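Everything on this sheet refers to the single structure shown next.
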Amino acid sequence: MSDQLQEPNILDNPIHGIYIPFGLLVAGVALTTYLSGEKKILILLPLFISFLLFRAYRAYNRSVSISSERWTSLELEDQTVVSKNTAIYRFKLKTSFETLDFAPGRHLAVKVPIEGNDEIRFYSPISPRNAPGYFDLMIKSYVDGKVSKYFASLSTGQTVDFMGPVGTLNYEPNSSKAIGIIAGGSGITPVLQVLNEVMTTPEDETKISLIYANEAENDILLKDELDEMAENFPNFEVHYVLRQPKGEWEGSIGLVTEELMRAYLPEPSDEHRLLVCGPEAMNKMVTGFAADLGWKFTGLNCKGDEQVFVF
């Protein structure tokens, strides 16, 4: 995947289809009225304004690639393999000026046709909220994963249907003194949104502790990026857990346990929060541990501002 972003085309910006015509029309009417002394020309202004409102509506629809009310087909621009079964897929937004400015922890609904049926899944963008003209999805392929296999078969230029944002997580800077996070496998993707939000907000002093569980070391997605975050951001710590490590391994071995949660995550408190995102079996297991430790857990279908939130 190329790191060089295409320079925005000034003609892609809908502002030039609204403000420039509006300015020219107002200036033209004013000049014509002044030179002719015929104030009846001003009667045409409502017609001009109606025309501009129509242009504004068309420009708005053109500029919004993702809607929560309709599906939109977007083109695959690039694909980069990051591990034996995981790739990053970059999709083009409608214009090079648009950004996918989702709140942290929100997802995209994806619809793809498989064997005559529409299959819908949910993925979290991993690109920055202010990335112009594109967004990235990191998708891990599973043996029985219909949609992940579909993505792996895509070629540049093909399209996929999207809708969003989807999700209920509520996050405000400094709303918690500390956040503990447990992620498994590709469940790291919504976690990255929260990390990026905290780290790019200078006034946010929230401390974040992450336990990231995987099968083997090669399965750890974006490990270099996570390690760099931990090195450069004093309020972030990450601890890795592998179920089947090979060779030398300095992290924990096995599954996420109550003891690991007690050792590497903040203690249960009204000023603290716990976020969980991983396979269903892991989510059920660690939320059970969380309840035993004293976290306020109301169930897997939790609300966006609850102390324990499961993606």
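First residue of the sequence shown? That's 1 in full-length UniProt numbering, and the numbers climb one at a time after it.
Heads up, the beta-carbon is just placed ideally off N, CA and C, and yes, glycines get one too.
Nothing here was measured: the structure is a model prediction, and the numbers come from that model.
Which word fits residue i, buried or exposed, when buried means at least 16 other C-beta atoms lie within 10 angstroms of its C-beta?
{"i": "Ala281", "result": "exposed"}
{"i": "Leu274", "result": "buried"}
{"i": "Ile253", "result": "exposed"}
{"i": "Thr287", "result": "buried"}
{"i": "Ser209", "result": "buried"}
{"i": "Phe233", "result": "exposed"}
{"i": "Ala290", "result": "buried"}
{"i": "Val81", "result": "exposed"}
{"i": "Ile10", "result": "For Ile10, the predicted model reports a pLDDT of 49, less than 50, meaning its position is unreliable and no value from the coordinates is stated."}
{"i": "Tyr134", "result": "buried"}
{"i": "Arg262", "result": "exposed"}
{"i": "Asp270", "result": "exposed"}
{"i": "Lys303", "result": "exposed"}
{"i": "Lys92", "result": "buried"}
{"i": "Leu300", "result": "exposed"}
{"i": "Ser68", "result": "exposed"}
{"i": "Met193", "result": "The residue asked about is misnamed: residue 193 is Gln in this sequence, not Met. It is buried - the Cβ of Gln193 has at least 16 other Cβ atoms within 10 Å."}
{"i": "Gly164", "result": "buried"}
Given residue i, which residues of its chain have a CB within under 6 Å of its CB, disregarding the five upstream and five downstream residues?
{"i": "Asp305", "result": "Asn170"}
{"i": "Phe297", "result": "Thr287, Ala290, Ala291 and Val308"}
{"i": "Tyr142", "result": "Ser148"}
{"i": "Phe236", "result": "Ile208, Met229 and Ala230"}
{"i": "Ser2", "result": "Its pLDDT being 45, under 50, Ser2 is placed unreliably in this model, and the coordinates cannot settle the point."}
{"i": "Met199", "result": "Phe233"}
{"i": "Ser186", "result": "Lys140"}
{"i": "Glu258", "result": "Phe289"}
{"i": "Ala152", "result": "Ser141"}
{"i": "Leu226", "result": "Val238"}
Would you check if the distance between the CB atom of residue i and the CB atom of residue j is smaller than 7 Å?
{"i": "Ile66", "j": "Asp136", "result": "no"}
{"i": "Gly278", "j": "Gly180", "result": "no"}
{"i": "Asp101", "j": "Arg129", "result": "yes"}
{"i": "Leu154", "j": "Leu76", "result": "yes"}
{"i": "His239", "j": "Val166", "result": "no"}
{"i": "Ala178", "j": "Lys207", "result": "yes"}
{"i": "Lys146", "j": "Ile120", "result": "no"}
{"i": "Val112", "j": "Tyr150", "result": "yes"}
{"i": "Pro104", "j": "Glu248", "result": "no"}
{"i": "Ser175", "j": "His272", "result": "no"}
{"i": "Asn283", "j": "Val310", "result": "yes"}
Return the chain-ordered list of same chain residues with a C-beta closer than 7 Å to the C-beta of residue i, the five sequence neighbours on each side being excluded.
{"i": "Gly294", "result": "Pro268"}
{"i": "Thr201", "result": "Pro173"}
{"i": "Thr144", "result": "According to the sequence provided, residue 144 is Asp. The question's Thr does not apply to it. So the list is empty, once near-sequence residues are dropped."}
So if DSSP puts residue i in a beta bridge, which residue, or which two residues, is it bridged to?
{"i": "Thr80", "result": "Ile88"}
{"i": "Met199", "result": "Per DSSP, none; premise fails for Met199."}
{"i": "Phe162", "result": "Thr72 and Val110"}
{"i": "Val308", "result": "Leu274"}
{"i": "Ser252", "result": "Val241"}
{"i": "Pro132", "result": "Thr99"}
{"i": "Arg121", "result": "Val110"}
{"i": "Leu222", "result": "According to DSSP, which records beta bridges pairwise, Leu222 is partnered with nothing at all."}
{"i": "Met138", "result": "Ile88"}
Contact check, residue i vs residue j under 8 Å by CB: the rounded distance?
{"i": "Tyr264", "j": "Ile188", "result": "The Cβ separation is near 16 Å, so there is no contact."}
{"i": "Ile182", "j": "Val308", "result": "About 10 Å; that fails the 8 Å criterion."}
{"i": "Val160", "j": "Leu242", "result": "Val160 to Leu242, Cβ: 32 Å. No contact."}
{"i": "Thr156", "j": "Pro132", "result": "That belief does not hold up - the Cβ atoms of Thr156 and Pro132 are roughly 20 Å apart, past 8 Å."}
{"i": "Pro173", "j": "Asp204", "result": "4 Å"}
{"i": "Ser83", "j": "Asn218", "result": "6 Å"}
{"i": "Met285", "j": "Leu221", "result": "With 8 Å as the limit, Met285 and Leu221 do not qualify as a contact, their Cβ atoms being about 21 Å apart."}
{"i": "Pro190", "j": "Ser127", "result": "The pair is not a contact, with the Cβ atoms about 13 Å apart (cut-off 8 Å)."}
{"i": "Phe162", "j": "Thr72", "result": "6 Å"}
Beta carbon of residue i: closer than 6 Å to some heavy atom of the ligand NAP?
{"i": "Phe102", "result": "Judged by which ligands are present, the structure shown has none, so any question about the ligand NAP falls away."}
Take residue i and list the residues in its own chain whose beta-carbon comes closer than 8 Å to its own, dropping the five residues that flank it on each side.
{"i": "Gly251", "result": "His239, Tyr240, Val241, Leu242 and Pro245"}
{"i": "Gln79", "result": "Met1, Ala87, Ile88, Tyr89, Arg90, Leu154 and Thr156"}
{"i": "Gln158", "result": "Glu75 and Leu76"}
{"i": "Val64", "result": "Lys94 and Glu98"}
{"i": "Gln4", "result": "Low local confidence applies: a pLDDT of 43 at Gln4 is under 50, so the model's placement there is unreliable, with the coordinate-based value given in what follows. For Gln4, where only same-chain residues beyond five positions count, there are no Cβ hits under 8 Å."}
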